[in-house]
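S.K.:
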Amino acid sequence: MRFRKRPRPKQYEETSRKRAAFLTKQRREREALPLFADIIAAGQHSVEEEMARRAEWWPRQQQDRRDERAAVWRKARARLFALPAERRRAIRALWRECPYPADPHSFADFLHQIEVGKLDIARPGWRFHARVQPRTTLTPTTFAEAFRQIGRRKLSPSGVPGDADTLLFCGNLGKGILFVDRFVDPGGEPAVTFDVRGVCSSDDLALIERLAQAAEDRPVAARLVERPLPRTEDGAPAEPHRLLILACSATKRRDVGWIDAVDRYDGPLWQTVRAVCPDRMRIKVAVLSARYGFLDSRSPVEDYDARLTPDLAQRMIAGGMNRRWPRPPSARKPDTYSDSPGCQIASLSNHGTRPFTDVALAGGHLYIGVMRAFLDGFRDLRCVAPDARITEINGPIGIMRQQVRGWLEERWP
Numbered sequence: 005m006r007f008r009k010r011p012r013p014k015q016y017e018e019t020s021r022k023r024a025a026f027l028t029k030q031r032r033e034r035e036a037l038p039l040f041a042d043i044i045a046a047g048q049h050s051v052e053e054e055m056a057r058r059a060e061w062w063p064r065q066q067q068d069r070r071d072e073r074a075a076v077w078r079k080a081r082a083r084l085f086a087l088p089a090e091r092r093r094a095i096r097a098l099w100r101e102c103p104y105p106a107d108p109h110s111f112a113d114f115l116h117q118i119e120v121g122k123l124d125i126a127r128p129g130w131r132f133h134a135r136v137q138p139r140t141t142l143t144p145t146t147f148a149e150a151f152r153q154i155g156r157r158k159l160s161p162s163g164v165p166g167d168a169d170t171l172l173f174c175g176n177l178g179k180g181i182l183f184v185d186r187f188v189d190p191g192g193e194p195a196v197t198f199d200v201r202g203v204c205s206s207d208d209l210a211l212i213e214r215l216a217q218a219a220e221d222r223p224v225a226a227r228l229v230e231r232p233l234p235r236t237e238d239g240a241p242a243e244p245h246r247l248l249i250l251a252c253s254a255t256k257r258r259d260v261g262w263i264d265a266v267d268r269y270d271g272p273l274w275q276t277v278r279a280v281c282p283d284r285m286r287i288k289v290a291v292l293s294a295r296y297g298f299l300d301s302r303s304p305v306e307d308y309d310a311r312l313t314p315d316l317a318q319r320m321i322a323g324g325m326n327r328r329w330p331r332p333p334s335a336r337k338p339d340t341y342s343d344s345p346g347c348q349i350a351s352l353s354n355h356g357t358r359p360f361t362d363v364a365l366a367g368g369h370l371y372i373g374v375m376r377a378f379l380d381g382f383r384d385l386r387c388v389a390p391d392a393r394i395t396e397i398n399g400p401i402g403i404m405r406q407q408v409r410g411w412l413e414e415r416w417p
C-alpha cells in the first residue's frame, strides 16, 4: 500500500543559526516591553541551557509522534481488513491513485469518507466523469450551422493547383467527422461542387446538397469521395498504407521555439524511428502526446513537461473524436487552440480517401489503452480500413525497440 515512511528519531543538531535565532527571540521579548526589560532579562536563561533542554526533549518528541502515527495506522488497517476481500481490493486500488498524502491520518479519513458515503469508490471526485457529448448538428437548417470553415487553398476540381479558392469545411451530422471541399468551376456544370469525405449516408449527402444549394446562387452538386483500395486476388491490399502511432517521450531536445515532433522527442523509440525510417513520407508516423493528444509527427511542437496519468487517459477517451487537445488555458477562451484526433489522423489518410491497412501501436500500457480506444473512431472515419492489421508493441524498452525496427522494416510480426 501507498505509505510514506517517517524518519527515525535522531539527536538534536545544534547550529550557529539556531543559537542566533534564540538570542534574537530573547532580545525581541525585552524590546517589546522596554520598561520591564530588566525584569524580563532576569527570567531568561542562557543559550547553553536552552540547547541542553532541546537536546533532551527532541528525541522524545520525535518518538512520541512516531508512536502516534503507528497507532493510527494500525487502527486504519484493522478497519480495512475487516471489510470483505472484494471491497478491500477495490479500496486498496483506489488508495494507490488518490491524491491524498500517504500518511496514516489521511488514510483513516479516506476510509471514514467511504464508510459514511461521502466518497464513492466507483466515481471518486478526482476523476473526470464528463459525459461524452460530441459536437454534432443533427438537424441543421443552414450550411453554416452544420459546417465550419477550417481552411482555404488554391486548387482546381481536378486536384491540381489553380486560381480559384477551394474552401475546406468540417462538421458532424451525427455519424462522425465530415470534411467538405468546395470547388468552384465557373465554366463547368454544375458551377460549384462539394466533395464530402467521411462516413456519410445517402440521406446525409442529400441534406448537404440541399443546404449548400440554399447558401449558393449557382447550381450545386454534392458527391461522396471514395477511393477503393487496390487488392490482390486473395483480397489482401496491393499497396499497404502503413501508420505507426507512437507514444511521446519524456526525453526531449531542449531547442528553443517550435520544431517537428519527430525531431523534438529523443527517447529510445524515436531514435529507432529516425534511424530506420529517415524517409518520413514512406511510413506515416503519428504521436500520442500527453499535452497535444494525437498529432502528426511532422507537426511542430514546443518543449513541454507532461505525463499521461490514468485520469488524463480517461479524459482523452471520454472526449472522443471531437475533443481538441490541448485544452484552452481558461474556460472563457474559445476552443480553437488545437485539433481533434479525427482531424489529425484524417489528414494523414488524405481525409479517408486512402485508409491505412497496417497500423502499429507502440508505447506504455496507458498509451496503448488510449490508442486502442480510438481505433473504432478512426475506422468510422474511414481513416483505418475495417480489415486493417493492428499490431500492439508494448514491453521492456529493448524488446520494444527491436519490434518497432522489425515493423518498420516489415520483419515483425
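Residue numbers are given in our numbering: position 168 of the sequence shown equals residue 172, and the series is strictly consecutive. Even glycine gets a Cβ: it sits at the ideal position worked out from N, Cα and C.
Within a Cβ cutoff of 6 Å, which residues of the same chain sit near residue 361, ignoring the five residues on either side of it in sequence?
M.R.: In the sequence shown, counting from the first residue as 1, residue 361 sits at position 357. The answer, listed in chain order, is 241, 244, 245, 389 and 392.
S.K.: Excluding the five sequence neighbours on either side, which residues of its own chain have a C-beta within less than 7 Å of the C-beta of residue 396, listed in chain order?
M.R.: Within the sequence shown, residue 396 is the residue found at index 392, counting from 1. Excluding positions up to five away in sequence, the list reads 365 and 372.
S.K.: Given a cut-off of 8 Å, decide if residue 292 and residue 367 are closer than it, judged by their beta-carbon atoms.
M.R.: In the sequence shown, residue 367 corresponds to position 363, counting from 1. In the sequence shown, residue 292 corresponds to position 288, counting from 1. Contact flag set, yes.
S.K.: How big is the Cα-Cα spacing for residue 359 and residue 148?
M.R.: As a first step, residue 359 is located in the sequence shown; it is residue number 355 there, counting from the start. As a first step, residue 148 is located in the sequence shown; it is residue number 144 there, counting from the start. Roughly 28 Å between the two C-alpha positions.
S.K.: When you compare only the Cα positions, how much space is there between residue 398 and residue 404?
M.R.: In the sequence shown, the residue the question calls residue 398 occupies position 394. In the sequence shown, the residue the question calls residue 404 occupies position 400. C-alpha of residue 398 to C-alpha of residue 404: approximately 6 Å in a straight line.
S.K.: Can you tell me which of 112, 75 and 308 puts its alpha carbon nearest to the alpha carbon of residue 260?
M.R.: Locating residue 260 in the sequence shown gives position 256, where the first residue counts as 1. Restricting attention to 112, 75 and 308, the CA atom closest to the CA of residue 260 is found in 308.
S.K.: Starting from residue 29, trace the alpha helix (DSSP H) in both directions and tell me its first and last residue.
M.R.: Along the sequence shown, one-based indexing puts residue 29 at 25. Segment 20–36, the alpha helix (DSSP H) holding residue 29.
S.K.: Check whether the segment 90–109 and the segment 73–80 touch, using three or more Cβ-Cβ pairs below 8 Å as the test.
M.R.: yes
S.K.: Assuming residue 300 contacts residue 351 (C-beta within less than 8 Å), just tell me the rounded distance between them.
M.R.: On the sequence shown, position 296 is the one that residue 300 refers to. On the sequence shown, position 347 is the one that residue 351 refers to. Yes, they are in contact, since the Cβ atoms of residue 300 and residue 351 sit about 7 Å apart, within 8 Å.
S.K.: Can we say the segment 32–50 touches the segment 85–101, given the rule of at least three CB pairs closer than 8 Å?
M.R.: no
S.K.: Below 8 Å on the Cβ atoms is my guess for residue 178 versus residue 386; work out the distance and round it to an integer in Å.
M.R.: As a first step, residue 178 is located in the sequence shown; it is residue number 174 there, counting from the start. As a first step, residue 386 is located in the sequence shown; it is residue number 382 there, counting from the start. At roughly 16 Å, the Cβ-Cβ gap does not stay under 8 Å, so residue 178 and residue 386 are not in contact.
S.K.: The alpha helix (DSSP H) that contains residue 382, what's its start and end?
M.R.: Locating residue 382 in the sequence shown gives position 378, where the first residue counts as 1. Element bounds for residue 382: 369–384.
S.K.: Should residue 226 go down as buried or exposed, given a rule of 16 or more other Cβ atoms within 10 Å for buried?
M.R.: The residue given as residue 226 occupies position 222 in the sequence shown. It counts as buried.
S.K.: To the nearest angstrom, how far is it from the Cα of residue 145 to the Cα of residue 213?
M.R.: For the purposes of this step, residue 145 is identified with residue 141 of the sequence shown, where counting begins at 1. For the purposes of this step, residue 213 is identified with residue 209 of the sequence shown, where counting begins at 1. So the two alpha carbons sit approximately 12 Å from each other.
S.K.: So, helix, strand or coil for residue 414, using DSSP?
M.R.: Along the sequence shown, one-based indexing puts residue 414 at 410. In the structure shown, residue 414 sits in coil (DSSP, three-state: anything other than H, G, I, E or B).
S.K.: For residue 256, which residues does DSSP report across the bridge?
M.R.: If you number the sequence shown from 1, residue 256 lands on position 252. Answer is 269, bridged to residue 256.
S.K.: Check for me: the beta strand (DSSP E) holding residue 262 runs from which residue to which?
M.R.: Along the sequence shown, one-based indexing puts residue 262 at 258. Its beta strand (DSSP E) spans residues 262–264.
S.K.: Using a Cβ cut-off of 8 Å (strictly closer), state whether residue 299 contacts chain C.
M.R.: The question asks about chain C, but that chain is absent: this structure has only one protein chain.
S.K.: Could you spell out the range, first to last residue, of the alpha helix (DSSP H) harbouring residue 119?
M.R.: As a working mapping, residue 119 is identified with position 115 in the sequence shown. Counting along the chain, the alpha helix (DSSP H) containing residue 119 begins and ends at 108–120.
S.K.: In chain order, what residues of the same chain have a beta carbon less than 6 Å from the beta carbon of residue 140, not counting five sequence neighbours either side?
M.R.: Reading the sequence shown from its first residue, position 136 is the one you call residue 140. Excluding positions up to five away in sequence, the list reads 176 and 178.
S.K.: How about the segment 54–74 and the segment 18–33: do they share at least three Cβ pairs that are nearer than 8 Å?
M.R.: yes
S.K.: Judging by CA-CA distance, which residue of 37, 265 and 185 is the nearest neighbour of residue 250?
M.R.: Numbered from its first residue, the sequence shown carries residue 250 at position 246. Selected option, being the one with the closest Cα: 265.
S.K.: Leaving out five residues on either side along the sequence, give the residues of the same chain with a beta carbon under 6 Å from the beta carbon of residue 116.
M.R.: One-based indexing of the sequence shown puts residue 116 at position 112. Same-chain partners within the cutoff: there are none.
S.K.: Between which two residues does the alpha helix (DSSP H) carrying residue 79 extend?
M.R.: Indexing the sequence shown from 1 puts residue 79 at position 75. From DSSP, the alpha helix (DSSP H) with residue 79 extends over 51–85.
S.K.: Ignore the nearest five residues each way along the sequence and tell me which others in residue 171's own chain have a CB closer than 8 Å to its CB.
M.R.: For the purposes of this step, residue 171 is taken as the residue at position 167 of the sequence shown. For residue 171, where only same-chain residues beyond five positions count, the Cβ hits under 8 Å are 153, 155, 156, 185 and 186.
S.K.: Quick one: what's got a C-beta closer than 6 Å to residue 377's C-beta in the same chain, skipping five residues either side?
M.R.: To locate residue 377, count along the sequence shown from 1; it is residue 373. Cβ within range, chain order: 321.
S.K.: Give the C-beta separation of residue 200 and residue 222 to the nearest angstrom, bearing in mind that I take them to be a contact with Cβ-Cβ under 8 Å.
M.R.: Here residue 200 refers to the residue found at position 196 when the sequence shown is read from its first residue. Here residue 222 refers to the residue found at position 218 when the sequence shown is read from its first residue. With 8 Å as the limit, residue 200 and residue 222 do not qualify as a contact, their Cβ atoms being about 18 Å apart.
S.K.: Hey, could you find the ends of the beta strand (DSSP E) residue 154 is sitting in?
M.R.: In the sequence shown, residue 154 corresponds to position 150, counting from 1. That run of the beta strand (DSSP E) goes 151–158.
S.K.: Compute the Euclidean distance between the alpha carbons of residue 114 and residue 123, then round it to the nearest angstrom.
M.R.: Here the question's residue 114 lines up with position 110 in the sequence shown. Here the question's residue 123 lines up with position 119 in the sequence shown. Answer to the nearest angstrom: the Cα atoms are 8 Å apart.
S.K.: Excluding sequence positions up to five away, which residues of its chain have a Cβ less than 7 Å from the Cβ of residue 83?
M.R.: For the purposes of this step, residue 83 is taken as the residue at position 79 of the sequence shown. Excluding positions up to five away in sequence, the list reads 115.
S.K.: Over the uninterrupted alpha helix (DSSP H) stretch that includes residue 8, give me the two end residues.
M.R.: As a working mapping, residue 8 is identified with position 4 in the sequence shown. Taken as a continuous stretch (DSSP letters only), residue 8 belongs to no alpha helix (DSSP H), as it is neither H nor E.
S.K.: Name, in chain order, the residues that DSSP records as bridge partners for residue 297.
M.R.: Start at 1 with the first residue of the sequence shown, and residue 297 comes out as number 293. For residue 297, which the question treats as bridged, DSSP gives the partners 293.
S.K.: Rank 408, 294, 267 and 9 by C-alpha distance to the C-alpha of residue 319 and give the top, closest one.
M.R.: On the sequence shown, position 315 is the one that residue 319 refers to. Checking every option, the nearest Cα to that of residue 319 belongs to 294.
S.K.: For residue 306 and residue 330, what's the separation of their Cα atoms in angstroms?
M.R.: On the sequence shown, residue 306 is found 302 positions in, with the first residue counted as 1. On the sequence shown, residue 330 is found 326 positions in, with the first residue counted as 1. Straight-line Cα distance between these residues: approximately 12 Å.
S.K.: Straight-line CA distance for residue 101 to residue 128?
M.R.: Your numbering for residue 101 matches position 97 in the sequence shown. Your numbering for residue 128 matches position 124 in the sequence shown. Each residue's Cα considered, the two are about 10 Å apart.
S.K.: Output the distance between the C-alpha atoms of residue 35 and residue 28, rounded to the nearest integer angstrom.
M.R.: In the sequence shown, counting from the first residue as 1, residue 35 sits at position 31. In the sequence shown, counting from the first residue as 1, residue 28 sits at position 24. Cα to Cα, residue 35 sits roughly 10 Å from residue 28.
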